[in-house]
Each structure stands twice: as C-alpha cells, then as structure tokens.
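Below is one structure, written out as structure tokens; comments come after it.
Numbering (our numbering), first residue to last: 6 to 316.
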C-alpha cells in the first residue's frame, strides 16, 4: 500500500469516525449496532443530536484548524494555533468541550491559559487534545519519533494543563507514525510507553494492554486514558476499517471522539480505500472561524497529502 493511501486514510478516517459517532454521543453501549445491525447497510451516516448526516464536529474542526496552521506557518507556531482556536471558539461552533472553551476564553495568554485552568480546577485530562491530533501526527510523522512526540505534548498543552493529556496525545502520535510507515502500531505500544514519563506510564499500560476492554474503564471515556484505550481496543479486536469503527461507536459515551481517534488509527492501518463510500459521500466539515468554509472528501484528502509533504 502506498504511503499516500495511509495518510489520506488517517485524516479522512478520523473525520468519518467523528461524524459517524456524533449522533450517538452520550448514548449507551450498543446503540449503533442496535440501529444498524448489518455492516454495510445504508444510512449509517444518519445524523441526529443536532448534527446533519455526515457532519463532523469540533474534533475535526479543530484538527483542520491545527493542520492549516502547520502548513501556512511552515511548522509549529503555538501562538498562531491558539489564536485560530480562539477565533473558532468565538464563532460559536455547535459544540465545544467545556474545558477547551474555558481555556480559550479565560483571557490569559496562549502560554499560560491552560496552566491557569489546571491550577484552578486540577481537572484537565480530558480527551480534547487527543481528538484533534491526527493532522499534527501526519505532519510530524516524517520527522521521527522524538520530534513527533514532543510536538504532540506542546500542542496538547495549549488547552490541557494536565501532563496526562500530553502523554496520551504523544502516544497517539507515535502509533500513527508507525502505522503511516507501514508498521504495526499495536506492536509499537511498548516502545511508545517507554518514551512516556514514568508517572504516566503505568496508567496507559493498563488501558493499552491486549486484555483490556472498555468495560474495564475506571473513568468516562471523555477522559484521555479510556478514550485512547478504546480506540486501540477497537483496532486490535477487529480486522478492517469498517468493523473497527462500528466497534468504537458501539462503546457508547463520547462516541464522536472515540470514533475520531479510532478512525485516524484504523485509516492509517487499512488505507483510504477501506473507508466505505457510504460514509465519505455525505462527509462534510464546517469551519467556524475560517470564513465558514466547508471541507468535503476532496479537500480533506488534499489536506492530508499536503500535511505529509509539509507544504
């Protein structure tokens, strides 16, 4: 498989997972398969909960804003990324994570806002930095593990003051890097964990272990640990993109984000050709804060290729 197919699969797959899971957010486990018991059925991009069929949420919107900053600024310009996120938040997107909104609107400068939030709440290990990470993971993948994981931590820290969120985002960057190179991301988990600070390693080792199941999560999957664990579980226990996404959305809870993270990883493993056309045809990504543009499959695929090329 050509690298380009994996790259496009990751970016488009993440957006697909986001849009597929959005109507089932905060619902019970098994809701997706109860409504669509047969894989490959029609109408699975059903919309609902305020989302149109195929409409991507804040997960993909923030990922696109991040990716476009990397390309337009020629690398990681953290103040620019933060400013784009602020413009997006001010444009009143349909959905925005509570923690992310508080950080982007607390009036503090880009390098202090997340730390200020964490110091005042001590709660900042949500999955909001993980959900948007596919575009940055693609961009930094060619620069190697150290550079990619470092970038992941720095980007995560813009909105999430808890280093646990940085660690989870860095692990995802590394697993995606391995998959884009044609390797097995599941076999790379141990090495990725070795490059996580010791104080966070054990907790991630638990949720990324082969025998772990989302039912064993000790937190709601809006937290970074079970979100990443559920995505890895979905890829590990299935044998194709479609089945991985069905399993991910069927976990219930924060289905759009679990779907987005699973879609990014599964898309890199199986490639863009494995994503059902019935899921990509209605896919669209509104971009509040960026002239109200709407990206569809061709634009997302082009963004993916440009991120991989770094231009």
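Beta carbons are placed, not taken as given, at the ideal position from N, Cα and C, and that holds for glycine.
Checklist line | Secondary structure of residue 28, DSSP reduced to three states | finding: For the purposes of this step, residue 28 is taken as residue 23 along the chain shown, with counting starting at 1. Residue 28: helix per DSSP, three-state reduction.
Note to self: Pairs of beta-carbons, one from the stretch 102-116 and one from the stretch 229-243, closer than 8 angstroms: are there three or more?
What the structure shows: no
Next item on the list: Go ahead and pull the three-state DSSP assignment for residue 75.
Entry: Locating residue 75 in the chain shown gives position 70, counting from the first residue. Of the three classes helix, strand and coil, the one that applies to residue 75 here is helix, per DSSP.
Checklist line | Bridge partners - residue 368, DSSP secondary structure assignment | finding: Since the first residue shown for the chain is 6 and the last is 316, residue 368 is missing from the structure and cannot be characterised.
Checklist line | Per-residue DSSP class, three states only, for residue 201 | finding: The sequence position of residue 201 within the chain shown is 196, counting from 1. Three-state DSSP puts residue 201 in coil, outside helix and strand.
Item checked: Nearest-angstrom Cα separation, counted from residue 306 out to residue 119 -> On the chain shown, residue 119 is found 114 positions in, with the first residue counted as 1. On the chain shown, residue 306 is found 301 positions in, with the first residue counted as 1. Rounded to the nearest angstrom, the two C-alpha atoms are 31 angstroms apart.
Item checked: 4 or more residues per run - each alpha helix (DSSP H) lying fully within the stretch 113-170 -> 118-126, 139-146, 150-161
Notebook entry, point to check: Leaving out the 5 sequence neighbours to the left and right, which residues in its chain are closer than 6 angstroms to residue 100 when beta-carbon positions are compared?
Noted result: On the chain shown, position 95 is the one that residue 100 refers to. For residue 100, where only same-chain residues beyond five positions count, the Cβ hits under 6 angstroms are 62, 63.
Next item on the list: Mind checking who residue 245 pairs with in its DSSP beta bridge?
Entry: In the chain shown, the residue the question calls residue 245 occupies position 240. Bridge partners of residue 245: none, in fact.
Check: For residue 69 versus residue 308, is the C-beta distance shorter than 9 angstroms?
Finding: Translated into positions along the chain shown, residue 69 becomes position 64. Translated into positions along the chain shown, residue 308 becomes position 303. Yes. Within cutoff.
Next item on the list: May I ask you to report which of helix, strand or coil DSSP gives residue 299?
Entry: Taking the first residue of the chain shown as 1, we reach residue 299 at position 294. Strand at residue 299.
Notebook entry, point to check: How about residue 190 and residue 240: do their beta carbons lie closer than 9 angstroms?
Noted result: Walking along the chain shown from the start, residue 190 turns up at place 185. Walking along the chain shown from the start, residue 240 turns up at place 235. Taking 9 angstroms as the Cβ cut-off, residue 190 and residue 240 qualify as a contacting pair.
Notebook entry, point to check: What are the start and end residues of the alpha helix (DSSP H) that includes residue 90?
Noted result: Position 85 of the chain shown holds residue 90. Looking at the DSSP string, the run of the alpha helix (DSSP H) that includes residue 90 is 83-95.
Check: Should residue 282 go down as buried or exposed, given a rule of 16 or more other Cβ atoms within 10 Å for buried?
Finding: In the chain shown, residue 282 corresponds to position 277, counting from 1. Exposed, since its Cβ has fewer than 16 Cβ neighbours within 10 Å.
Check: Is it right to say residue 66 is buried, meaning 16 or more other beta carbons lie within 10 angstroms of its own, or is it exposed?
Finding: Start at 1 with the first residue of the chain shown, and residue 66 comes out as number 61. It is buried - the Cβ of residue 66 has at least 16 other Cβ atoms within 10 Å.
Next item on the list: Evaluate the contact criterion for the stretch 283-292 versus the stretch 50-61: three or more CB pairs, one atom per stretch, below 8 angstroms.
Entry: yes
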